[in-house]
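In the order they appear, the protein sequences are chains A and B.
Sequential numbering from 1 applies to the first sequence in our numbering.
Sequential numbering from 1001 applies to the second sequence in our numbering.
Taking it in order: structure first as structure tokens, then the write-up.
There are 2 protein chains.
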Amino acid sequence: MRSYGQYCALARALDVIGDRWSLLIVRELLGGGRRYNQLLEGLPGIATNLLADRLRQLETEGVLERDNEGRYALTAWGEGLREPLYDLARWAAPVVMARPAGEDSFRSEWLEHPIAIIYGGTDRRRPTMAVEVRSGERPMTIESSDGDIRVREGRHPAPDVVLSGPPDAILGLLAGFLDPALAEALGVEISGKAGRLRRLRPVLAHPSRSLDAATRAAARPKASAPR
Amino acid sequence: MRSYGQYCALARALDVIGDRWSLLIVRELLGGGRRYNQLLEGLPGIATNLLADRLRQLETEGVLERDNEGRYALTAWGEGLREPLYDLARWAAPVVMARPAGEDSFRSEWLEHPIAIIYGGTDRRRPTMAVEVRSGERPMTIESSDGDIRVREGRHPAPDVVLSGPPDAILGLLAGFLDPALAEALGVEISGKAGRLRRLRPVLAHPSRSLDAATRAAARPKASAPR
DNA sequence: CTGCATCCGGGCCGATACTG
DNA sequence: CAGTATCGGCCCGGATGCAG
């Protein structure tokens, strides 16, 4: 990308990570080092030459590097983008995530980030429990223990709750914006006791938006629900 | 811009503010409502049609609106971008602001943001004082009172210190990365007691970078100093 | 003077094909 | 598996025109 040519930290930051796709590449790498084809998989819509271009540029700028196995990984500086990106997501989410997912693509690995935002921090009042989520290609497991909540790939042998269906309704349910009945109306299949989800104490970013989110989501035609 | 088509808060945030120039328009509006031509002035290099396009898009997305006098101003949601943008700038600054300003453009109003970052928060130990800065078109005044530091346009009747010269060296001095002698070697004219600047207690983002910043800045040819 | 619209050359983007 | 090559089209940047 052409430089803005401004002596301003924001403009120069955008000279580094302002290109189309650059920040989404960083998002993919927040989960650890990835191979080229893994990145292609996690970035639906990107052209192969663009991915190669961006990787080269981000490497020369010092945001990422290739590890000894040829995989792409964030440098310490690149890892520092996590909080700015989460802040951007937190800013946008109340407005843009309330819109239905529609035809937008979804990768199950992306669950990690909204879950980290919804259940940020340690809260000892959280019970130990496991929730299995099936949305996207692979099953994912959300585990709560010692007040912390983590996400990992794969199934769980004895989950307390299993959720499957469209990602927007599942996230609405987990975030506490949708109650179980409404989530089911939007295509989520729930097995186990959905009521226990509340005890994970989601951090409600903007409670005033919850009604808005619910009504907008409800306006979505039910036909497009499961995927 | 074409949508990424991903159900991900970051991707959808970038659908809203990921276009070239969009975030810099937001930066300009963080200082309050601005007229079209003021924006053109604060965004050196932007084409008029692009400014018009971006303003329209950001307005329909709900990031900004036109006030009753026809000026462009951030909505409450748009104002929420301040912290994410400051975080991005804080992330980039230790690396990219250490590079000399060179031919990059600089507007004196931009001082507001780095000063807010350098002197973030209230610190009662700060003395009441005023620093006049002359870099860019207009003189700016930095005032410290009651532990807070603010920037405003215009001169000061009796400043404790006056700094004029290239913006990179002035900011390096204010941030505490350069001592007065080195700043003068880089083209800064100092009148008043530069030693008092330390008492404003800049928040050093990355002390480990300070040497790096000094040495890199020193590598700049002295010819390009004043502007 | 403000606030754009139009036109045009060049570069970036997106999709597909292809190669070591 | 990990990219490179190619090409149409759209976006960007700069200049200019013009209506209120």
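Glycine included, C-beta positions come from ideal geometry on N, C-alpha and C.
The model shown is predicted, which means the values in this text are computed figures rather than measured ones.
{"query": "For B:Val1095, does the count of other Cβ atoms within 10 angstroms reach 16, so buried, or fall short, so exposed?", "result": "buried"}
{"query": "For the region 1156-1186 of chain B, enumerate the residues whose C-beta is nearer than 7 Å to any C-beta of chain A, in chain order.", "result": "Pro1167 and Asp1168"}
{"query": "Strictly below 8 Å CB to CB, what residues from chain A border B:Ser1105?", "result": "Gly5, Gln6 and Tyr7"}
{"query": "Report the residue from B:Glu1065, B:Ala1185 and B:Arg1199 whose alpha carbon sits nearest the alpha carbon of B:Ala1130.", "result": "B:Arg1199"}
{"query": "Using C-beta distances below 6 Å, list every residue in its chain close to B:Ile1149, excluding the 5 sequence neighbours before and after it, in chain order.", "result": "Tyr1119"}
{"query": "Tell me, please, whether the region 1010-1029 of chain B touches the region 1066-1080 of chain B by the rule of three or more beta-carbon pairs shorter than 8 Å.", "result": "yes"}
{"query": "Please report the straight-line C-alpha distance between B:Cys1008 and A:Gly195, rounded to a whole angstrom.", "result": "26 Å"}
{"query": "Using DSSP's beta-bridge definition, name the partner residues of A:Arg66.", "result": "A:Tyr72"}
{"query": "Measuring straight from C-alpha to C-alpha, what distance separates B:Gly1147 and B:Pro1166?", "result": "27 Å"}
{"query": "Comparing the C-beta of A:Met232 with each C-beta of chain B, is any distance below 9 Å?", "result": "The displayed coordinates of chain A run from 1 to 227. Any statement about residue 232 of chain A would go beyond what the structure contains."}
{"query": "Output needed for A:Ser22: all residues of its chain with C-beta closer than 7 Å, excluding positions within five of it in sequence on either side, in chain order.", "result": "Arg54 and Leu58"}
{"query": "Could you name the residues of the region 1058-1070 of chain B whose beta carbon sits closer than 9 Å to any beta carbon of chain A, in the order they occur along the chain?", "result": "Glu1061 and Gly1062"}
{"query": "So if DSSP puts A:Asp146 in a beta bridge, which residue, or which two residues, is it bridged to?", "result": "None; A:Asp146 has no bridge partner."}
{"query": "Report the rounded CA-to-CA distance for B:Arg1201 versus B:Ser1145, giving the unit in angstroms.", "result": "13 Å"}
{"query": "Can you list, in chain order, the residues of its chain with a C-beta nearer than 8 Å to that of B:Glu1041? Leave out the 5 residues immediately preceding and following it.", "result": "Arg1107"}
{"query": "Return yes when the Cβ of A:Trp110 is within less than 9 Å of the Cβ of B:Gln1006, no when it is not.", "result": "yes"}
{"query": "Could you check the C-alpha separation between A:Ala11 and B:Pro1044 for me, to the nearest Å?", "result": "11 Å"}
{"query": "Which partner residues does A:Gly165 have in the DSSP bridge list?", "result": "Bridge partners of A:Gly165: none, in fact."}
{"query": "Between which two residues does the alpha helix (DSSP H) harbouring B:Ser1022 extend?", "result": "Ser1022 to Leu1029"}
{"query": "If we require 4 or more residues per run, which alpha helix (DSSP H) segments fall completely within the region 98-156 of chain A?", "result": "112-118"}
{"query": "What residue does the beta strand (DSSP E) around A:Gly187 start on, and which one ends it?", "result": "A:Gly187 -> no beta strand (DSSP E), and no H or E assigned at all."}
{"query": "Cβ closer than 9 Å: which chain A residues qualify as neighbours of B:Arg1012?", "result": "Ala89, Ala92, Ala93, Val95, Val96, Met97, Arg99 and Asp104"}
{"query": "Which chain B residues are close to A:Arg34, counting only those with a beta carbon under 9 Å from its beta carbon?", "result": "Near A:Arg34 there are no residues of chain B at all, since even the closest Cβ is about 16 Å away, more than 9 Å."}
{"query": "Any C-beta of chain B within less than 8 Å: which residues of the region 24-48 of chain A qualify?", "result": "Leu24, Arg27, Pro44 and Gly45"}
{"query": "Along chain B, in chain order, which residues have C-beta atoms closer than 7 Å to that of A:Leu81?", "result": "Trp1091"}
{"query": "Does DSSP put A:Arg34 in a helix, a strand or coil?", "result": "strand"}
{"query": "Which residues share a DSSP beta bridge with B:Gln1006?", "result": "A:Ser105"}
{"query": "List, in order along the chain, the chain A residues whose C-beta lies closer than 9 Å to that of B:Leu1111?", "result": "Here the premise fails: no neighbours, minimum Cβ distance about 10 Å."}
{"query": "For B:Glu1069 and B:Gly1033, what's the separation of their Cα atoms in angstroms?", "result": "10 Å"}
{"query": "In terms of alpha-carbon separation, which member of A:Glu103, A:Ser191 and A:Met1 lies closest to A:Arg56?", "result": "A:Met1"}
{"query": "In the structure shown, what three-state DSSP assignment does B:Asp1019 receive?", "result": "coil"}
{"query": "At what residues does the alpha helix (DSSP H) containing B:Leu1050 begin and finish?", "result": "Thr1048 to Glu1061"}
{"query": "I need the DSSP call for B:Ala1044, collapsed to helix, strand or coil.", "result": "As written in the sequence, residue 1044 of chain B is Pro, which differs from the Ala given in the question. Correct three-state label for B:Pro1044: coil."}
{"query": "Give the C-beta separation of A:Ala52 and A:Glu65 to the nearest angstrom, bearing in mind that I take them to be a contact with Cβ-Cβ under 8 Å.", "result": "Not really, about 16 Å apart at Cβ, beyond 8 Å."}
{"query": "Along the alpha helix (DSSP H) that carries B:Val1096, what are the first and last residues, could you check?", "result": "Arg1082 to Val1096"}
{"query": "In three-state DSSP terms, what is A:Leu14?", "result": "helix"}
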